[in-house]
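Peer 1: The structure that follows is given in the form of structure tokens.
2 protein chains.
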Amino acid sequence: MVLREPKSMDKIPEPTLRRLPWYLSNAKLMKEKGEKYVSSTQISAQINIDASQIAKDLSYVNVTGRTRVGYDVDMLIGALEDFLGFTDKHKAYLFGVGSLGGALLCDSGLVHFGLEIVGAFDIDPNIVGTNIGGIPVYHSDEFEQRMRNDDVRIGVLTVPISIAQEITNKMIAGGIKAVWNFTPFRIRVPEHIVVQNTSLYAHLAVMFNRLNAVIKKE
Amino acid sequence: MVLREPKSMDKIPEPTLRRLPWYLSNAKLMKEKGEKYVSSTQISAQINIDASQIAKDLSYVNVTGRTRVGYDVDMLIGALEDFLGFTDKHKAYLFGVGSLGGALLCDSGLVHFGLEIVGAFDIDPNIVGTNIGGIPVYHSDEFEQRMRNDDVRIGVLTVPISIAQEITNKMIAGGIKAVWNFTPFRIRVPEHIVVQNTSLYAHLAVMFNRLNAVIKKE
Numbered sequence: 029m030v031l032r033e034p035k036s037m038d039k040i041p042e043p044t045l046r047r048l049p050w051y052l053s054n055a056k057l058m059k060e061k062g063e064k065y066v067s068s069t070q071i072s073a074q075i076n077i078d079a080s081q082i083a084k085d086l087s088y089v090n091v092t093g094r095t096r097v098g099y100d101v102d103m104l105i106g107a108l109e110d111f112l113g114f115t116d117k118h119k120a121y122l123f124g125v126g127s128l129g130g131a132l133l134c135d136s137g138l139v140h141f142g143l144e145i146v147g148a149f150d151i152d153p154n155i156v157g158t159n160i161g162g163i164p165v166y167h168s169d170e171f172e173q174r175m176r177n178d179d180v181r182i183g184v185l186t187v188p189i190s191i192a193q194e195i196t197n198k199m200i201a202g203g204i205k206a207v208w209n210f211t212p213f214r215i216r217v218p219e220h221i222v223v224q225n226t227s228l229y230a231h232l233a234v235m236f237n238r239l240n241a242v243i244k245k246e
Numbered sequence: 029m030v031l032r033e034p035k036s037m038d039k040i041p042e043p044t045l046r047r048l049p050w051y052l053s054n055a056k057l058m059k060e061k062g063e064k065y066v067s068s069t070q071i072s073a074q075i076n077i078d079a080s081q082i083a084k085d086l087s088y089v090n091v092t093g094r095t096r097v098g099y100d101v102d103m104l105i106g107a108l109e110d111f112l113g114f115t116d117k118h119k120a121y122l123f124g125v126g127s128l129g130g131a132l133l134c135d136s137g138l139v140h141f142g143l144e145i146v147g148a149f150d151i152d153p154n155i156v157g158t159n160i161g162g163i164p165v166y167h168s169d170e171f172e173q174r175m176r177n178d179d180v181r182i183g184v185l186t187v188p189i190s191i192a193q194e195i196t197n198k199m200i201a202g203g204i205k206a207v208w209n210f211t212p213f214r215i216r217v218p219e220h221i222v223v224q225n226t227s228l229y230a231h232l233a234v235m236f237n238r239l240n241a242v243i244k245k246e
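As you go down the protein sequences, you meet chains S and H in turn.
Here the first sequence is numbered in my numbering, starting from 29 and rising by one per residue.
Here the second sequence is numbered in my numbering, starting from 29 and rising by one per residue.
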């Protein structure tokens, strides 16, 4: 017997993927409030997304609601966490222990969402050999050697822009399959490599621009 | 005489705003390499965006290139930093000094991009009254009082999801005009308030999903 997988998991649209964590946080909130069931209509009222859109998004996830009752809150939370990959442990290395890199090492929240940073790399003799947020910092030269022992597929990129591409190339040559790029640099990668850009500075620029527009109107 | 403002600054499309920091980091890199001029064709070759798109995006910025020579690198960097708001100091408060909030207080990189966090609020007696990353942590009850003295318009939201909406409402009632929302909670705000969502966890979910799809194909 072949187990049926949830509806074409690898073809889920990115907007849906981005909305699912909203439903998850909403379901967690309902659970905190003591609710046992939650309907897409209730979620809709709270986060201002169309109930039919929510039902459609949730159809990708392996969870079934009951008519007039809605989804079992615990089951919904479990199904969403599984689906989003937050219950697996994805091991990662971090490259570049500067200000942002060091800050991310200290953010224990990431591990609750499935990202376990098991080591960091830098060349600064003042930090190589130390632990930051409980995570060991190795010299960058040790990367290839460590990759052979650790089962790591994700690299978090927090290096200066001047070496962003060079370090990316080195990561990929060593076997990294997904790069979480926090630099404002647009890195180039081969087709089969996943890149997730999270540029805090680009988000700041958008926010400043919108804020200026609002202030001008006042 | 009325000074002409750069081409309708408050109507610049968001995709353009998101690409401009890439051009900025690329121009900085060219400067580091000792280049005096850079053309949109050169930028295009390095970051894999169409040269005509780059020229169009840069037309929003107050900078003019010279035929066959390109843009003066220093002028381009200055114009982009000005335009993106990175040279102004935008004062901000941070709400919720947990793991991520504390990490952001330690990220001195934000101030180089125009965001100056001048205070943080929490209710935990162990951290209220301390300094984290040089930034004072106040009790949340002091927010309204402090708002009257400080010229702050931006609030960074890093509280637990259970109080994300409540704290947002409080921020706005106190005079905050823009909310940088790091929680995975979809906050609701009045129309004239700017919200910038930066959910690291949503980005993680997208990355895990894409990575799983790649691994399955191998």
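The beta-carbon is built from N, C-alpha and C at its ideal position, and this holds for glycine as well.
Could you check the C-alpha separation between Y51 of chain H and S127 of chain S for me, to the nearest Å?
Peer 2: So the alpha carbons of these two residues sit roughly 22 Å apart.
Peer 1: Kindly indicate if chain S contains any beta-carbon less than 8 Å away from that of P252 of chain H.
Peer 2: Lying before the first or after the last residue shown, residue 252 of chain H is absent from chain H, which here runs from 29 to 246.
Peer 1: How many Å lie between I182 of chain H and A241 of chain S at the Cα?
Peer 2: Rounded to the nearest angstrom, the two C-alpha atoms are 14 Å apart.
Peer 1: What does M235 of chain H touch in chain S if you count any residue whose Cβ is under 8 Å from its own?
Peer 2: Under the 8 Å cutoff, chain S gives I182, A206, W208, V222, Q224.
Peer 1: Compare the C-beta of I243 of chain S against all C-beta atoms of chain H and say whether one is closer than 8 Å.
Peer 2: Output row for I243 of chain S: interface = yes.
Peer 1: Could you give the distance in angstroms between the alpha-carbon of S53 of chain S and the alpha-carbon of T226 of chain S?
Peer 2: Their backbone Cα atoms lie some 20 Å apart in a straight line.
Peer 1: Return the CA-CA distance between P188 of chain H and T211 of chain H, expressed in angstroms with no decimal places.
Peer 2: If you take the alpha carbons of P188 of chain H and T211 of chain H, they lie about 7 Å apart.
Peer 1: Check the DSSP bridge columns for I50 of chain S and list the partner residues they point to.
Peer 2: Inspection of the sequence shows that residue 50 of chain S is occupied by Trp rather than by Ile. Answer is none; W50 of chain S lacks a bridge partner.
Peer 1: Checking contacts by CB at 8 Å: is E60 of chain S closer than that to chain H?
Peer 2: So yes, E60 of chain S belongs to the interface.
Peer 1: Please tell me whether K35 of chain S has its Cβ less than 8 Å away from any Cβ of chain H.
Peer 2: Reliability of the predicted coordinates at K35 of chain S is poor, the pLDDT of 46 falling under 50, and no value is obtained from them.
Peer 1: Between which two residues does the beta strand (DSSP E) harbouring E144 of chain H extend?
Peer 2: Element bounds for E144 of chain H: 143-150.
Peer 1: Hey, F149 of chain S and F171 of chain S are a contact pair by Cβ (cut 8 Å); roughly how many whole angstroms apart?
Peer 2: Yes, they are in contact, since the Cβ atoms of F149 of chain S and F171 of chain S sit about 6 Å apart, within 8 Å.
Peer 1: Report all residues from its chain with a CB closer than 6 Å to the CB of E109 of chain H; omit the five preceding and five following residues, and keep chain order.
Peer 2: T115, listed in sequence order.
Peer 1: Can you list, in chain order, the residues of its chain with a C-beta nearer than 7 Å to that of R174 of chain H? Leave out the 5 residues immediately preceding and following it.
Peer 2: So the list reads G147, Y166, once near-sequence residues are dropped.
Peer 1: When burial is assigned at 16 or more other CB atoms within 10 Å of the CB, is T196 of chain S buried or exposed?
Peer 2: With 16 or more Cβ atoms within 10 Å of its Cβ, T196 of chain S is classed as buried.
Peer 1: Examine chain H for any beta-carbon lying closer than 8 Å to the beta-carbon of P49 of chain S, and answer yes or no.
Peer 2: Output row for P49 of chain S: interface = yes.
Peer 1: At a Cβ cut of 9 Å, what residues of the region 142-162 of chain H count as close to chain S, listed as they run along the chain?
Peer 2: For the region 142-162 of chain H, which is checked against every Cβ of chain S, the residues closer than 9 Å are G142, L143, G161.
Peer 1: Give me the chain S residues within the contact set of P212 of chain H, using Cβ-Cβ distance strictly less than 8 Å, ordered along the chain.
Peer 2: The answer, in chain order, is P49, W50, L52, S53.
Peer 1: Nearest to G93 of chain S by alpha carbon, out of S:I191, S:V223, S:R47, S:K64?
Peer 2: The residue with the shortest Cα to Cα distance from G93 of chain S is S:K64.
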